[in-house]
Amino acid sequence: MPEYDYLTKEQREFFLEHGWLRIPNAIDKRILDKWMSDFWVRVGWDEHDKSTWKLDYLKMPKHHEIPPLEFSPDAWKAMCEIVGGEDKIDKEREYLTGDNFIANFGSEYWKTHLHPVKDAKGWHTDNDYYRQFLDSSTNALTIINCFTDVKPGQGGTFLAEDGIKGIVDFLYEHPEGLDPPFSYLYRHIKDCNKFATVEAKAGDVFITHALLPHSPSKNHLHEVRVITNPHVNLTDPYNLNRPDGDYTLCEQVILRALGRDSVPEFKPTRPREVYFPRTFTFKRARVQEELDRLRRGSDQRAREKEWL
Ligand SMILES: [Fe+2]
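Residues in the sequence shown are numbered from 112 upward in steps of one, following this note's numbering.
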């Protein structure tokens with residue numbers, strides 16, 4: 112049987128039932144504060160003057176990255192146990208955790224307009240960088256690191272807990288694998304009924320199964336919400352046919368949604384492929400302008416010091 116030193120029985124059951132788990136206060140506060148201290152300089156807008164906030168939503172590139180064990184030690188323990196052990200994790204692709212923030216600023220408009228979960232249009236899973244099969248573990252976990260509080264109405268991610276089933280059923284029917292983009296993979300979400308919305312304190316980490324569909328929501332508070340979304344990639348595909356039944360929690364989520372104890376008949380009929388993610392070029396283009404602002408900011412601070 113897989114061993115669990117960190118996760119309690121309740122936490123394991125919660126992950127299986129909902130497809131996600133919250134680890135409170137998991138991010139090292141010194142790292143959170145340090146990375147967030149540059150946030151407004153990087154964005155280039157005035158934190159205290161919302162008329163300078165030019166966008167509702169912004170995906171930013173990465174300037175720093177460190178191993179997840181240093182970033183959020185408890186969350187890392189939980190991630191390792193959910194995928195069946197640290198040795199299963201790919202330590203090269205997408206391994207490090209960085210400050211590639213996803214900021215949801217909201218707007219005056221959304222302060223007075225509703226946006227219920229049934230209206231959300233951005234349903235997806237983070238899978239745009241590989242050919243996806245039922246047993247693909249290229250992305251095994253999508254992580255939501257919360258750098259600010261995420262209050263109700265502050266743009267917390269929508270999660271469709273009963274949306275996993277439609278995805279695994281479709282993948283089961285398509286052993287040839289699916290190539291991005293896959294908007295057709297989320298058509299069933301309109302019929303889902305079991306939704307959750309991320310609400311958090313700064314420092315919380317949400318660990319979600321990579322097949323849990325999620326969507327951005329609108330920020331009705333017009334107070335910035337900052338997260339990152341790293342992934343946990345595994346080196347080998349899931350094993351959905353274990354004679355001893357010792358499935359990892361990630362594998363159990365898939366089998367549960369399929370309503371099966373094993374799927375020995377499933378065999379990919381095309382090679383596995385990995386691609387560049389869609390946002391790669393866009394984020395790369397922002398790096399230089401952020402660096403210029405950071406440099407100007409530090410020159411300014413140096414001048415102020417001389418003056419004092
Ligand atoms: Fe996502």
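Where a beta carbon is used, it is the ideal one built from N, C-alpha and C, also for glycine.
Item: Simplified DSSP state of Ile-138, which is helix, strand or coil; Value: coil
Item: Beta carbon of Trp-151 nearer than 7 angstroms to that of Phe-216; Value: no
Item: Asp-139 versus Pro-341 - alpha carbon distance; Value: 16 angstroms
Item: Nearest residue (CA-CA) to Phe-281, options Ser-294, Leu-245 and Asp-210; Value: Leu-245
Item: Ligand 1 heavy atom lying under 6 angstroms from the CB of Asp-237; Value: yes
Item: For Leu-360 and Arg-123, believed in contact at Cβ under 8 angstroms, the rounded distance; Value: 6 angstroms
Item: Contact set for Glu-158: own chain, Cβ-Cβ below 6 angstroms, skip 5 residues either direction; Value: Trp-151
Item: For Trp-156 and Leu-166, the rounded distance between their alpha carbons; Value: 10 angstroms
Item: Gly-277 (DSSP reduced to helix, strand or coil); Value: helix
Item: Rounded separation between Met-190 and Ile-177 - CA only; Value: 16 angstroms
Item: Ile-338 beta carbon less than 7 angstroms from that of Ile-254; Value: no
Item: Spatial distance of Leu-270 from His-129 (CA atoms); Value: 9 angstroms
Item: Proximity to Ala-137 [Cα-Cα], best of Glu-181, His-175, Leu-169 and Arg-407; Value: Glu-181
Item: Proximity to Asp-198 [Cα-Cα], best of Phe-387, Val-343, His-175 and Pro-375; Value: Val-343
Item: His-226 (DSSP reduced to helix, strand or coil); Value: coil
Item: Three-state secondary structure (DSSP) of Ser-409; Value: helix
Item: Local conformation of Val-374 per DSSP, three classes; Value: coil
Item: Residues near Asp-185 in its chain [Cβ-Cβ closer than 6 angstroms; skip 5 each side]; Value: Ile-134 and Ala-137
Item: Span separating the alpha-carbon of Tyr-283 from that of Tyr-358; Value: 18 angstroms
Item: Buried versus exposed call for Trp-418 [16 or more other C-beta atoms within 10 Å across all chains shown]; Value: Caution is warranted here: a pLDDT of 45 is assigned to Trp-418, below 50, making its placement in the model unreliable, and the coordinate value is therefore given only provisionally. It is exposed - the Cβ of Trp-418 has fewer than 16 other Cβ atoms within 10 Å.
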